[in-house]
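Shown next, in structure tokens, is the structure this report addresses.
Numbering (my numbering), first residue to last: 509 to 757.
Printed below as a string of structure tokens:
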């Protein structure tokens, strides 16, 4: 029987200017474990990334200022714009013009939840601790980790699950097929480190941002280093437990 696999085509992310890279480095604490590698985009995208900061105050200006450790006055300053824009660039948010809108604030809230997970992502005991080696996927917090019983083995790491209408299915799963250099038969794009656990849904790496909207076509998208680590730690037959609900679905 021929399987058909569904996935989210990775979005291309604009180039960052030299100033953007320096600002993003100063804000590296907004990522969980390692800095995000932003894919290079087209000349038009690069021109967009080089555009001037907006002077407009976004509806989530105060929240963004508080999240980034800036003076909280609700007014858009040049420093505020640079900091918000650096966060947008490093998290694949477009347009990255420093406007504190709902998309930017939504990602900031998600990152806040991910930070709060710390080294105890299974504090609420939603992922089973009686199955030995298991990969846990929390759709609500867009997090995944690997544990052996109650012992945390790796993670938590940020992921991107299925968008509205293509939700990553919840429940108890098992990895049934692994393909290191898989290419989607539907979209003809690379899915490195693919580990399938439910039909066409798999863990695999993407070249773009795991925070970019709206999400995948059901797969659990990961940063390259995290997907490679999952590949080294998991085997065919290992358990996967998916629970929660992705924001916006």
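Note that CB positions come from ideal geometry on N, CA and C, so glycine has one too.
Residues of the same chain with a CB within less than 8 Å of the CB of residue 620, apart from the 5 flanking positions on each side, are 575 in chain order. As the crow flies, the alpha-carbon of residue 658 is around 14 Å from that of residue 747. With fewer than 16 neighbouring CB atoms inside 10 Å of its own CB, residue 564 falls in the exposed class. CA-to-CA, the gap between residue 703 and residue 625 works out to about 24 Å. Here DSSP, grouped into helix, strand and coil, assigns residue 613 to helix. Per DSSP, the continuous alpha helix (DSSP H) segment holding residue 588 begins and ends at 586-598.
Residue state for residue 717 is assigned as coil, using DSSP reduced to three classes.
For residue 655, there is no enclosing alpha helix (DSSP H); the enclosing beta strand (DSSP E) has its first and last residue at 651-656. Counting only residues of its own chain and dropping the five nearest sequence neighbours on each side, residue 587 has a CB closer than 8 Å to the CB of 578.
Across the structure, residue 698 and residue 667 are spaced so that their CA atoms are roughly 17 Å apart.
Going by beta carbons, residue 612 and residue 560 fall outside the 8 Å limit. Distance from the CA of residue 719 to the CA of residue 638, rounded to the nearest whole angstrom, comes to 31 Å. According to DSSP, residue 728 shares a beta bridge with 711.
Rounded to the nearest angstrom, the Cβ distance from residue 634 to residue 751 is 5 Å, consistent with a contact under 8 Å.
In the structure shown, residue 619 falls within a helical segment according to DSSP collapsed to helix, strand and coil. Measuring C-alpha to C-alpha distances from residue 582 to each of 569, 731 and 726 identifies 569 as the nearest. Taken through DSSP and simplified to helix, strand or coil, residue 576 comes out as coil. Out of 617, 741, 724 and 631, the CA that lies nearest to the CA of residue 673 is found in 724. Remark: C-beta atoms of residue 606 and residue 593 approach each other more closely than 8 Å. Here the alpha carbons of residue 708 and residue 692 stand approximately 9 Å from one another. Between residue 642 and residue 705, the alpha-carbon positions lie close to 12 Å from each other.
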